[in-house]
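Counting in UniProt numbering, the sequence shown runs from 1 upward without gaps.
Ideal Cβ positions, reconstructed from N, Cα and C, are used throughout, including at glycine.
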Amino acid sequence: METKRWQLLVSGRVQGVYYRASTVQEASRLGVLGYARNLADGRVEVVAEGTDAQLSQLKVWCQQGPDAAIVKSVEITEQPATGEFSDFGIRH
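As structure tokens, then:
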């Protein structure tokens, strides 16, 4: 199956609510590689590589997030996969 890369920009109450750590757990469960990081504007950026099915499942999860999060929007940009990741982690 073809590997794809998505950048997801998640807006709402998504910082300070364990959004990144929860995303690591979900992405790892799905077998997705990449990272999550906080942005200065209050959003969380998720860069993920996987199959269409894996990325679609991660998108559905990102639209909800952990219990304390209030997700307002998720913007997705498809990018060429690079194969640079060996796991899913948090970047600072």
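**Asked** Between V24 and the rest of its own chain, which residues show a CB-CB distance below 8 Å, the 5 nearest in sequence each way excluded?
**Response** Excluding sequence neighbours, V24 sits near A36, F88, G89, I90.
**Request:** Please say whether A69 and W6 have beta carbons closer to each other than 7 Å?
**Result:** No.
**Asked** Taking Q54 as the reference, which of V10, L33, R20 has the closest Cα?
**Response** Nearest C-alpha to Q54 among V10, L33, R20: L33.
**Asked** Would E84 be called buried (16 or more neighbouring beta carbons within 10 Å of its own) or exposed?
**Response** exposed
**Spatially closest choice to V74 from E45, L9, T3, by CA coordinates** = Answer by Cα proximity: L9.
**Request:** Identify whether E26 lies in helix, strand or coil by the three-state DSSP scheme.
**Result:** helix
**Request:** Could you tell me the distance, in whole angstroms, from the CA atom of A81 to the CA atom of V46?
**Result:** 14 Å
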